[in-house]
Amino acid sequence: MEKVRRALNDSPAMRWAVLVLVGFVLSVNYYFYDAFSTLKDLLLKEFNFTNTDYGLFVSFYSIPNTFLLMAVIGGAILDRFGIRRTGFMFVFFMAFGALLTAYGASDYYSAGGPGYGLMASFLPNYSPELKMMLLGRFFFGLGAETSIVVVSKILVKWFKGKNLALAFGLKVGFGRLGTFAALQVSPVVAGGGPNLTTAVWLAAILVLSGLLAFMVYMLLDAKLDKQVALTTPTAAPEKFSFKDLGVILSNRPFIYIVLLCVTFYSAVFPFVSYAPDFFADKFGFTDVQSGRVTSLLPIGTAFFTPLFGFIIDRYGKSATAMILGSLIVLGVHLTFAYTMVSPYIPVIFLGIAFSLVPAAMWPSMVKLVKDSRIGTAYGIMYSVQNLGLWGIPLLAGIILDKTNPGNPLVADYTMTILMFAGLGLVGLLFSLLLKFEDKKKAFGIELPLNKK
Ligand SMILES: NCCCC[C@H](NC(=O)[C@@H](N)CCCCN)C(=O)O
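Using my numbering, you'd call the opening residue of the sequence shown number -10 and step up by one each time.
Shown next as structure tokens:
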């Protein structure tokens, strides 16, 4: 009798190995994004950055994804050219951008290394160091967002019908572990200033090792494709049509989720970029201590997001989870702004919110958009979300500079934090609108995800 051929993705060990491999690529992506949060003060001292310069640096990540629509285009390239070619190109951009950023922060560059003269020749209000680091952050962002989409597609390829929701939850967990490591390790390596560039180089080299991990994955991917081609005829991909785009954009709950996505994430990711400095300034923590408090947020979410995902799969209540998460974000920021409550407590609550909303929000899309258009729907969500991830860090820096004239090393963050609270409030409004719309038109957002 002929033996039934087992494909690589039929082996649980192989699937989990793939998850760890691509999870690592995601971890180094998040590591680099957050590696600068605990270094903010040192960047201000070393390179004479203003708070606005720092905000500009954080926000440059999102420029290609928002203004050049790269999150949408990257998704389309992925559908057209496949995982290996697209993934390699975008993870390469990510590594290139990270290395360029580290080069911009290096002593070799500051001493007149290649490109220094060119960067010094225009926009004299911005230092050549800042300009090179901005260019690096731009390329890093260009690669990083699309590579998150690539990782999602890889998980669908290996896990569809085999614990996909859990794999997605763990994927977010890998990202959070990267943030956790960045907040813990970066300030220790920088050692209060003398090793600032080492901390930045370490982050860049980690991203480079992510590229190597992705190349290893490419070998497995090619092998799986060969096995699948032998047994299954490949379906022609559905052509993109603008009519479909119109259908997605006229879907009210989708619009509410997109608006919640931008407001909610803008109240969290940019806050993390400022949180260590905020804790240092308001509570007198050292860089290392404030990195540790902030790191409670990602480490908690690394465990809670898969757990909440599991609960929502079974029991539903996605819209309610989004309302609760938004309410917590609002409460946490008001606590930060107006009280001296130990930051450990609000950070833990923020961690709960940061697990509830993502666990409910991203999978809800399957209730609103047909499977073949999920990529486009996520692309739109990412682009709009990046508008917030671009504007809010910059706005936070501007508010800080305006409310702290003379750029003192210890800044008053009250107005900046109130701006984050305002985002929480608007997010709460969108989550309520989502629930009312769902109640009125029965989209099924509150139903368990495991029920079709
Ligand atoms: N299936 C979608 C998962 C998205 C996870 C989400 N990440 C993002 O929204 C990114 N577009 C932005 C990441 C910026 C910081 N690294 C998350 O919750 O992390």
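Every residue gets a Cβ at the ideal spot worked out from N, C-alpha and C, and that includes glycine. Computed from a predicted model, the values in this text were never measured in an experiment.
* **Rounded separation between M83 and F343 - CA only** => Along the sequence shown, read from residue 1 onward, the residue named residue 83 stands at position 94. Along the sequence shown, read from residue 1 onward, the residue named residue 343 stands at position 354. About 25 Å.
* **G86 (DSSP reduced to helix, strand or coil)** => Your numbering for residue 86 matches position 97 in the sequence shown. If DSSP states are grouped into helix, strand and coil, G86 belongs with the helices.
* To do: Compare the Cα-Cα distances from V178 to each of F129, V145, F79, G280 and report the closest residue.
  => For this step, residue 178 is matched to residue 189 along the sequence shown. For the residues F129, V145, F79, G280, the minimum Cα distance to V178 belongs to G280.
* Classify K430 as buried or exposed, calling it buried when 16 or more other Cβ atoms lie within 10 Å of its own Cβ. => In the sequence shown, the residue the question calls residue 430 occupies position 441. The residue is exposed, with fewer than 16 neighbouring Cβ atoms inside 10 Å.
* Classification of S51 by the beta-carbon crowding that lies within 10 angstroms, buried from 16 upward -> Against the sequence shown, residue 51 aligns to sequence position 62. Burial call: buried.
* Confirm the yes/no value for this check: CB of Y371, any heavy atom of ligand 1, distance under 6 Å. => In the sequence shown, residue 371 corresponds to position 382, counting from 1. At least one heavy atom of ligand 1 is nearer than 6 Å to the Cβ of Y371, so yes.
* With 16 other Cβ atoms within 10 Å as the buried cut-off, status of L219 -> As a working mapping, residue 219 is identified with position 230 in the sequence shown. With fewer than 16 Cβ atoms within 10 Å of its Cβ, L219 is classed as exposed.
* Contact check, Y254 vs F419, beta carbons under 7 Å -> On the sequence shown, residue 254 is found 265 positions in, with the first residue counted as 1. On the sequence shown, residue 419 is found 430 positions in, with the first residue counted as 1. No; because the gap between Cβ atoms is not below 7 Å, this pair is not in contact.
* Going by other Cβ atoms of all chains shown within 10 Å of its Cβ, with 16 needed for buried, is F425 buried or exposed? -> Translated into positions along the sequence shown, residue 425 becomes position 436. Result: exposed.
* Asked: Which term fits R362, buried or exposed, when burial requires 16 or more other beta carbons within 10 angstroms of its beta carbon?
  -> The residue you call residue 362 lines up with position 373 of the sequence shown. Classification of R362: buried, given that the 10 Å Cβ count is 16 or more.
* What are the start and end residues of the alpha helix (DSSP H) that includes E134? -> In the sequence shown, residue 134 corresponds to position 145, counting from 1. E134 -> alpha helix (DSSP H) spans 117 to 148.
* Beta-carbon separation of A385 and N393 under 7 Å? -> On the sequence shown, residue 385 is found 396 positions in, with the first residue counted as 1. On the sequence shown, residue 393 is found 404 positions in, with the first residue counted as 1. No, these two residues do not count as a Cβ contact at 7 Å.
* Helix, strand or coil for P332 per DSSP? -> Taking the first residue of the sequence shown as position 1, residue 332 is located at position 343. The answer is coil: DSSP assigns P332 none of H, G, I, E or B.
* **Coil, strand or helix - I237 by DSSP** => Here residue 237 refers to the residue found at position 248 when the sequence shown is read from its first residue. Note: I237 maps to helix in three-state DSSP.
* Own chain partners of W379 with C-beta closer than 7 Å, once the 5 adjacent residues on each side are dropped -> Here the question's residue 379 lines up with position 390 in the sequence shown. Within the same chain, W379 has close Cβ partners S48, S51, I52, T55.
* Would you be able to state if there are at least three C-beta pairs under 8 Å between the stretch 337 to 353 and the stretch 310 to 317? => yes
* Asked: Could you check where the alpha helix (DSSP H) with E450 kicks off and where it finishes?
  -> The requested residue 450 does not occur in the structure, where the chain is confined to residues -10 to 441.
* Per DSSP, what kind of secondary structure is V80 in: helix, strand or coil? -> Position 91 of the sequence shown holds residue 80. Three-state DSSP puts V80 in a helix.
* Asked: What's the gap between the Cα of Y304 and the Cα of V14?
  -> For this step, residue 304 is matched to residue 315 along the sequence shown. For this step, residue 14 is matched to residue 25 along the sequence shown. Going from the Cα of Y304 to the Cα of V14 covers about 32 Å.
* To do: May I have a chain-ordered list of the alpha helix (DSSP H) segments no shorter than 4 residues that lie completely inside the stretch 348 to 405?
  => 363 to 392
* How would you call A211, buried or exposed, if buried means at least 16 neighbouring beta carbons within 10 angstroms? -> Sequence index remark: in the sequence shown, residue 211 carries index 222 (1-based). Flag for A211 reads exposed.
* Any idea if L67 is buried or exposed, counting beta-carbon neighbours within 10 angstroms, 16 or more meaning buried? -> Against the sequence shown, residue 67 aligns to sequence position 78. Buried, since its Cβ has 16 or more Cβ neighbours within 10 Å.
* **Residue from M404, L414, L234 with nearest C-alpha to L357** => Counted from its first residue, the sequence shown places residue 357 at position 368. Of M404, L414, L234, the residue nearest in Cα terms is L234.
* To do: Keeping to the same chain, check which residues put their C-beta closer than 6 Å to that of F274; ignore five residues upstream and five downstream.
  => Counting from one through the sequence shown, the residue named residue 274 turns up at place 285. Closer than 6 Å at Cβ, skipping near neighbours: F268.
* Asked: In this structure, does DSSP put G273 in helix, strand or coil?
  -> What you label residue 273 is simply residue 284 of the sequence shown in a count that begins at 1. The answer is coil: DSSP assigns G273 none of H, G, I, E or B.
* Three-way DSSP call (helix, strand, coil) for N184 in this model -> Translated into positions along the sequence shown, residue 184 becomes position 195. The answer is coil: DSSP assigns N184 none of H, G, I, E or B.
* To do: Hey, could you find the ends of the alpha helix (DSSP H) G158 is sitting in?
  => Locating residue 158 in the sequence shown gives position 169, counting from the first residue. First-last of the alpha helix (DSSP H) with G158: 153 to 179.
* Asked: Could you give the residue range of the alpha helix (DSSP H) that holds E35?
  -> Position 46 of the sequence shown, counted from the first residue, corresponds to residue 35. First-last of the alpha helix (DSSP H) with E35: 29 to 36.
* To do: Could you say if the stretch 118 to 129 and the stretch 89 to 104 meet the contact criterion of at least three C-beta pairs nearer than 8 Å?
  => Touching, yes.
* Indicate the three-state DSSP secondary structure (helix, strand or coil) for T39 in the structure shown. => Your numbering for residue 39 matches position 50 in the sequence shown. DSSP places T39 in coil when its eight states are reduced to three.
* Does DSSP classify P437 as helix, strand or coil? -> For this step, residue 437 is matched to residue 448 along the sequence shown. Three-state DSSP puts P437 in coil, outside helix and strand.
* To do: Could you check how far apart the C-beta atoms of L398 and N40 are, in whole angstroms? I think they sit under 8 Å.
  => Residue numbering aside, residue 398 sits at position 409 when the sequence shown is read from its first letter. Residue numbering aside, residue 40 sits at position 51 when the sequence shown is read from its first letter. No, L398 and N40 are not in contact; Cβ-Cβ is about 11 Å, not under 8 Å.
* Outcome for L112 when other beta-carbon atoms lying within 10 angstroms are tallied against a minimum of 16 -> Translated into the one-based positions of the sequence shown, residue 112 becomes position 123. Label assigned to L112: exposed.
* Rounded to whole angstroms, how far is the Cβ of Y19 from the Cβ of G167, which I believe are closer than 8 Å? -> Walking along the sequence shown from the start, residue 19 turns up at place 30. Walking along the sequence shown from the start, residue 167 turns up at place 178. Yes, Y19 and G167 are in contact; Cβ-Cβ is about 3 Å, under 8 Å.
* To do: With DSSP as the reference, label K306 as helix, strand or coil.
  => For the purposes of this step, residue 306 is taken as residue 317 along the sequence shown, with counting starting at 1. Correct three-state label for K306: coil.
* To do: Below 8 Å on the Cβ atoms is my guess for V80 versus S136; work out the distance and round it to an integer in Å.
  => Within the sequence shown, residue 80 is the residue found at index 91, counting from 1. Within the sequence shown, residue 136 is the residue found at index 147, counting from 1. Confirmed, about 5 Å.
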